[in-house]
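Novice:
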Amino acid sequence: MEPIIQINNVKKYFGTMEALRGVSLDVNKGEVVVIIGPSGSGKSTFLRCINRLEEYDEGSIIVDGIPLDSTQHINQVRTEVGMVFQQFNLFPHLTVLENVTLAQKVVRGRDKAEAERVATQLLEKVGIPEKAHAHPGQLSGGQQQRVAIARALAMNPKIMLFDEPTSALDPEMIQEVLDVMLTLAKEGMTMVVVSHEMGFARAAANRAILMDNGLIVEEASPEVLFSNPKEERTKAFLSKVL
Amino acid sequence: MTDENNPLIPPMNARQTGAAESKDGFDRWWILVAIVAAIILLLVFMKPDPYQRMILFVRDGVMVTLTVTVSSFLLVMVLGLFAALGRLSKNPVISTLASVYVEVVRGVPLLVQIFAWYFAFPSIVQGIGDKFHIPAFQDYLANPVGMAILGLTFCYGAYMSEIYRAGIQSISRGQMEAARSLGMTHFQAMRYIIIPQAVRVILPPVGNEFVSILKDSSLVSAVAVADITRRGREFISTNFIPLEGWMLVALLYLLMTLFASRIVTWIERKTRITR
């Protein structure tokens, strides 16, 4: 079967700085890939290229058979790819329920009742059905991030991208978000996760990747990458984080 | 002159909820509005001469002031939006034109601008008429109220554009990204996510602009517009009562500006976002 995400030799420049220097990666359906690396290594930029929030200068990306080459295709891919951000980015002027239903209505064209049924179900899944009518500002960080996951899932994405989903959270709230992500992984969701949560990577990931300086340095199963890496760069990085 | 740290726009969470707000949500500054209204009524009934006579004399001036203010304000809202979108445009010609407009207008006193519209603009039109033999242009005479509205609009449009621009830019990039990542088009993201939030941010400064226009509209009395200030001056100079006269003019302005401020606060409170 052909990989659901095919990334071929992607390069990206910020002015004269090369942020991505030719990154290639295939992700199979149902696979969970975790990307780690020092800040400025290009891992977030790379993730954001997959739904074209970041434009790349060279190379090609094909998601679920659709190449990211025109506005129409990009919007089509974005409806199939959910994204969760470090800063949650919930819409503060809408209630939790409205956050989860808005895109269903305006993008998917679902009616109000259907959208609310889906939203209620997902809010139960992420464990905060009672907050449906609260505004994001009244929620804790962990709760906000779980709403953000529900919001992305409401579009029935085939792929979920997570950009450091727990980095902005207080330590005691990290686990509740990771639990939701673990459930998703078990259900067979295709996931690409930028995160330094080794516990999550060991429990859920099929593959772990170390990026540095705009390149993939090493790619292996999480057990191998975290315990027995081949590359010196990986060893040096892990010695600092662990 | 840049407005990178626009003092008009406090961060959303730091916005003062107003010390004068009581527990039941009643805005206690309404009491001041009532006091000013009561003083005016008291003066009119207790001392009809000169106050009642003067009120009747400047009555039409109040209508002129309100007409000039409201018309200018509505036009300013439109012009300001275009100027703001122009400044934010990726097209360098458009953004330069918009920026030059804003910078030039903000560098010239409003009174001088109003004089220019009333005295200089007609002679430009007449000059063009003479050159190209267009009778309608040759006979052009400035309409005082029209030129007053034009002058206020042109000037305040520049200030308003900065408010709009700051409002749109105050919404974090993440909001647009989140909307786009859900598959919304740029237009949908603006319509459902960015503009509803930006409107709430700019509401207080936009309300302040209305009050400022109301006050600065008194400058148009210098170009033969019979507003409150001009009618008041006429009454005062024929009756020789500067103290009572200017006090009443001030009270009338105060009543209108305080009332407008309360309305702004009321709208602001209705649309507040919990963060």
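Protein sequences appear in the order of chains U and G.
In this text, residue positions in the first sequence follow my numbering: the first is 1, and each later residue adds one.
In this text, residue positions in the second sequence follow my numbering: the first is 1001, and each later residue adds one.
Positions of the beta carbon are idealized from the N, C-alpha and C atoms, including for glycine.
What does DSSP give as the partner residue(s) for Val1078/G in the beta ladder?
Specialist: The sequence position of residue 1078/G within the second sequence is 78, counting from 1. Partner residues in a beta bridge of Val1078/G, as assigned by DSSP, do not exist.
Novice: Taking Ser1181/G as the query, report the chain U residues whose CB atoms sit under 7 Å from its CB, ordered along the chain.
Specialist: Residue numbering aside, residue 1181/G sits at position 181 when the second sequence is read from its first letter. Within 7 Å Cβ-Cβ: Asn51, Leu53, Arg78 and Met83.
Novice: Residues in its own chain within less than 6 Å of Leu1043/G by CB, not counting five upstream and five downstream?
Specialist: Start at 1 with the first residue of the second sequence, and residue 1043/G comes out as number 43. Here the set comprises Tyr1051.
Novice: Using a beta-carbon distance cut-off of less than 8 Å, what residues from the segment 1153-1171 of chain G approach chain U?
Specialist: The segment 1153-1171 of chain G vs chain U, Cβ under 8 Å: nothing.
Novice: Decide yes or no for the touch test of the segment 39-58 of chain U against the segment 209-228 of chain U: beta carbon pairs closer than 8 Å, at least 3 of them.
Specialist: yes
Novice: How far does the alpha helix (DSSP H) with Arg1272/G in it reach, from first residue to last?
Specialist: Translated into positions along the second sequence, residue 1272/G becomes position 272. From DSSP, Arg1272/G is part of no alpha helix (DSSP H); its letter is neither H nor E.
Novice: If contact is defined by three or more beta carbon pairs under 8 Å, each pair taking one atom from either stretch, is the segment 1144-1158 of chain G in contact with the segment 1106-1113 of chain G?
Specialist: yes
Novice: Secondary structure at Gln6/U, three-state DSSP: helix, strand or coil?
Specialist: Position 6 of the first sequence holds residue 6/U. Three-state DSSP puts Gln6/U in a strand.
Novice: How many angstroms separate the CA atom of Leu153/U from the CA atom of Thr101/U?
Specialist: Counting from 1 along the first sequence, the entry for residue 153/U is found at position 153. Counting from 1 along the first sequence, the entry for residue 101/U is found at position 101. C-alpha separation (whole angstroms): 11 Å.
Novice: Where does Arg207/U fall in DSSP's three states?
Specialist: Residue numbering aside, residue 207/U sits at position 207 when the first sequence is read from its first letter. Here Arg207/U sits in strand by DSSP.
Novice: Quick one: grab the DSSP three-state call for Ser1181/G.
Specialist: By 1-based counting over the second sequence, the position of residue 1181/G is 181. Three-state DSSP puts Ser1181/G in a helix.
Novice: For the segment 1164-1178 of chain G and the segment 57-64 of chain U, state whether three or more C-beta atom pairs, one from each stretch, are separated by less than 8 Å.
Specialist: In short, these stretches do not touch, since the Cβ pair count stays below three.
Novice: Mind checking who Phe14/U pairs with in its DSSP beta bridge?
Specialist: In the first sequence, the residue the question calls residue 14/U occupies position 14. DSSP, once it has assigned bridges, lists Met17/U as partnering Phe14/U.
Novice: Between the C-alpha atoms of Asp179/U and Gly199/U, what's the straight-line distance to the nearest angstrom?
Specialist: Position 179 of the first sequence, counted from the first residue, corresponds to residue 179/U. Position 199 of the first sequence, counted from the first residue, corresponds to residue 199/U. Their Cα atoms are separated by approximately 11 Å.
Novice: Please list, in chain order, all residues of the same chain as Ala1179/G whose beta carbon is under 6 Å from its beta carbon, the five residues on each side excluded.
Specialist: Against the second sequence, residue 1179/G aligns to sequence position 179. Scanning its chain for C-beta atoms nearer than 6 Å, with the 5 sequence neighbours on each side dropped, one finds around Ala1179/G the residues Ala1189 and Ile1193, in chain order.
Novice: Using a threshold of 8 Å, state whether the C-beta atoms of Asp170/U and Arg48/U are closer than that.
Specialist: As a working note, residue 170/U is residue 170 in the first sequence. As a working note, residue 48/U is residue 48 in the first sequence. No, the Cβ-Cβ distance between Asp170/U and Arg48/U is not below 8 Å.
Novice: Is it true that the CB of Met1256/G sits closer than 8 Å to the CB of Met1160/G?
Specialist: Here the question's residue 1160/G lines up with position 160 in the second sequence. Here the question's residue 1256/G lines up with position 256 in the second sequence. No. Outside cutoff.
Novice: Expressed to the nearest angstrom, what Euclidean distance is found between the alpha-carbon atoms of Asp57/U and Met17/U?
Specialist: Translated into positions along the first sequence, residue 57/U becomes position 57. Translated into positions along the first sequence, residue 17/U becomes position 17. Near 12 Å, if we compare the C-alpha coordinates of Met17/U and Asp57/U.
Novice: Can you give me the Cβ contacts of Ala1084/G inside the same chain, cut-off strictly under 6 Å, excluding the 5 residues immediately before and after it?
Specialist: Against the second sequence, residue 1084/G aligns to sequence position 84. Taken in chain order, the residues that qualify are Ser1161, Tyr1164 and Arg1165.
Novice: For the segment 85-113 of chain U, which residues have a beta carbon sitting closer than 7 Å to at least one beta carbon of chain G?
Specialist: Phe85, Gln87, Asn89, Phe91, Pro92, His93, Leu102, Ala103, Val106 and Val107
Novice: Name the DSSP bridge partner or partners of Met83/U?
Specialist: Along the first sequence, read from residue 1 onward, the residue named residue 83/U stands at position 83. In the DSSP output, where bridge partners are listed per residue, Met83/U has Leu161/U.
Novice: Could you list which residues in chain U have their beta carbon closer than 7 Å to that of Gly1174/G, in chain order?
Specialist: For the purposes of this step, residue 1174/G is taken as the residue at position 174 of the second sequence. Correct list: Phe85, Gln87 and Asn89.
Novice: DSSP three-state call for Ser195/U: helix, strand or coil?
Specialist: Position 195 of the first sequence, counting from 1, holds the residue named residue 195/U. DSSP places Ser195/U in coil when its eight states are reduced to three.
Novice: Identify whether Ala1014/G lies in helix, strand or coil by the three-state DSSP scheme.
Specialist: Within the second sequence, residue 1014/G is the residue found at index 14, counting from 1. Note that Ala1014/G has pLDDT 39, beneath the 50 cutoff, so the model's placement of it is unreliable and the number below is only indicative. In the three-state DSSP reduction, Ala1014/G falls in the helix class (H, G or I).
Novice: Could you say which of Lys11/U, Glu80/U, Arg202/U and His133/U lies nearest to Phe46/U if we only look at CA atoms?
Specialist: The residue labelled residue 46/U in the question sits at position 46 within the first sequence. For Phe46/U, the nearest C-alpha among the options comes from Lys11/U.
Novice: To the nearest angstrom, how far is the alpha carbon of Arg233/U from that of Ala119/U?
Specialist: Residue mapping note: residue 233/U aligns to position 233 of the first sequence, counting from 1. Residue mapping note: residue 119/U aligns to position 119 of the first sequence, counting from 1. Whole-angstrom Cα-Cα distance: 44 Å.
Novice: If you measure beta-carbon to beta-carbon, which residues of the segment 1190-1222 of chain G are closer than 9 Å to chain U?
Specialist: The residues in question are Arg1191, Tyr1192, Ile1193, Pro1196, Gln1197 and Arg1200.
Novice: By the DSSP assignment, the alpha helix (DSSP H) with Glu55/U in it spans what residues?
Specialist: Within the first sequence, numbered from 1, the residue matching residue 55/U stands at position 55. Segment: none, Glu55/U is in no alpha helix (DSSP H) and carries neither H nor E.
Novice: Spell out the partners DSSP gives Val34/U in its beta bridges.
Specialist: Taking the first residue of the first sequence as position 1, residue 34/U is located at position 34. DSSP output for Val34/U lists Val193/U and Ala208/U as bridge partner(s).
Novice: Tell me, to the nearest whole angstrom, how far the beta carbon of Met173/U is from that of Gly142/U; I am working on the premise that it is less than 8 Å.
Specialist: Here residue 173/U refers to the residue found at position 173 of the first sequence. Here residue 142/U refers to the residue found at position 142 of the first sequence. The beta-carbon distance between Met173/U and Gly142/U, rounded to whole angstroms, is 3 Å. This is short enough to meet the 8 Å contact definition.
Novice: Once the 5 residues before and after Leu238/U are set aside, which same chain residues still bring their CB inside 7 Å of it?
Specialist: On the first sequence, position 238 is the one that residue 238/U refers to. These residues qualify, in order along the chain: Phe226 and Pro229.
Novice: When the Cα atoms are used, what is the spatial distance from Asn1091/G to Ser1072/G?
Specialist: Stepping through the second sequence from its first residue, residue 1091/G is reached at position 91. Stepping through the second sequence from its first residue, residue 1072/G is reached at position 72. Asn1091/G and Ser1072/G: Cα-Cα distance of roughly 28 Å.
Novice: So, does the CB of Met160/U fall closer than 8 Å to a CB anywhere in chain G?
Specialist: Position 160 of the first sequence, counting from 1, holds the residue named residue 160/U. Answer no: the Cβ-Cβ gap between Met160/U and chain G never drops below 8 Å.
Novice: Would a C-beta distance cut-off of 8 Å place Gln86/U and Pro3/U closer than the cut-off?
Specialist: Translated into positions along the first sequence, residue 86/U becomes position 86. Translated into positions along the first sequence, residue 3/U becomes position 3. No.
Novice: The alpha helix (DSSP H) with Ala1044/G in it runs from where to where?
Specialist: On the second sequence, position 44 is the one that residue 1044/G refers to. Before going on, a small fix: residue 1044/G reads as Val here, not Ala. Trp1030 to Met1046 is the span of the alpha helix (DSSP H), which, as asked, contains Val1044/G.
Novice: Val27/U and Thr183/U: beta carbons closer than 8 Å?
Specialist: In the first sequence, residue 27/U corresponds to position 27, counting from 1. In the first sequence, residue 183/U corresponds to position 183, counting from 1. Not in contact: Val27/U and Thr183/U (Cβ atoms no closer than 8 Å).
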